[in-house]
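Residue numbers (the working numbering): 318 to 465.
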């Protein structure tokens, strides 16, 4: 038996991020965690390189590292402000729209007159379906007879 090897998926080439981009990602993650009152994650995202991880390790914790970064407190303030604005918009939209009750009228049921053409068509289709079933059953019996 000769098996052909399947083609391997080409690995997607990931361009490494610049150090400033990696730092910016970490700052955003830390700011988001602070705004939402979550604990900092212990793991770094995959796109954060060893150099930035070592910088953080030298200082100790991610929280300590971000607090020493320039502009971190401003970033947290911006994110808190955006969160506040979102919540205000959400509250306003909930209050501004009064609920409108729509009363549905009961549907009138129309009884259709028996349509003789439609009935004849449906009976014809039933007859064709029954004939197909009979032919299929014969074919099954014939195939089972050949297998024995």
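Note that CB positions come from ideal geometry on N, CA and C, so glycine has one too.
| message | Tell me the rounded alpha-carbon separation between residue 346 and residue 424. | response | If you number the chain shown from 1, residue 346 lands on position 29. If you number the chain shown from 1, residue 424 lands on position 107. In a straight line, the C-alpha of residue 346 is about 55 Å away from that of residue 424.
| Does the beta carbon of residue 441 come closer than 7 Å to any beta carbon on chain D? | The structure shown contains no chain D; it is built from a single protein chain.
| message | Extract the residue ranges of the beta strand (DSSP E) inside the stretch 365 to 443, only unbroken runs of 3 or more that lie entirely within it. | response | You should have found no qualifying run.
| said: Using only CA atoms, which one of 353, 419, 395, 378 lies nearest to residue 361? | reply: In the chain shown, the residue the question calls residue 361 occupies position 44. Checking every option, the nearest Cα to that of residue 361 belongs to 378.
| request: Would you check if the distance between the CB atom of residue 334 and the CB atom of residue 354 is smaller than 7 Å? | output: As a working note, residue 334 is residue 17 in the chain shown. As a working note, residue 354 is residue 37 in the chain shown. A distance of 7 Å or more separates the beta carbons of residue 334 and residue 354.
| field | Through-space distance from residue 400 to residue 351, alpha-carbon basis | value | One-based indexing of the chain shown puts residue 351 at position 34. One-based indexing of the chain shown puts residue 400 at position 83. If you take the alpha carbons of residue 351 and residue 400, they lie about 12 Å apart.
| field | Cα-Cα separation between residue 380 and residue 409, rounded to whole angstroms | value | For this step, residue 380 is matched to residue 63 along the chain shown. For this step, residue 409 is matched to residue 92 along the chain shown. Using only the alpha carbons, I get a separation of about 35 Å.
| query | Considering residue 340, what are the terminal residues of the alpha helix (DSSP H) in which it resides? | reply | Here residue 340 refers to the residue found at position 23 of the chain shown. Residue 340 -> alpha helix (DSSP H) spans 336 to 352.
| request: Would you tell me roughly how many angstroms separate the C-alpha atoms of residue 432 and residue 442, rounded to the nearest one? | output: Here residue 432 refers to the residue found at position 115 when the chain shown is read from its first residue. Here residue 442 refers to the residue found at position 125 when the chain shown is read from its first residue. C-alpha separation (whole angstroms): 16 Å.
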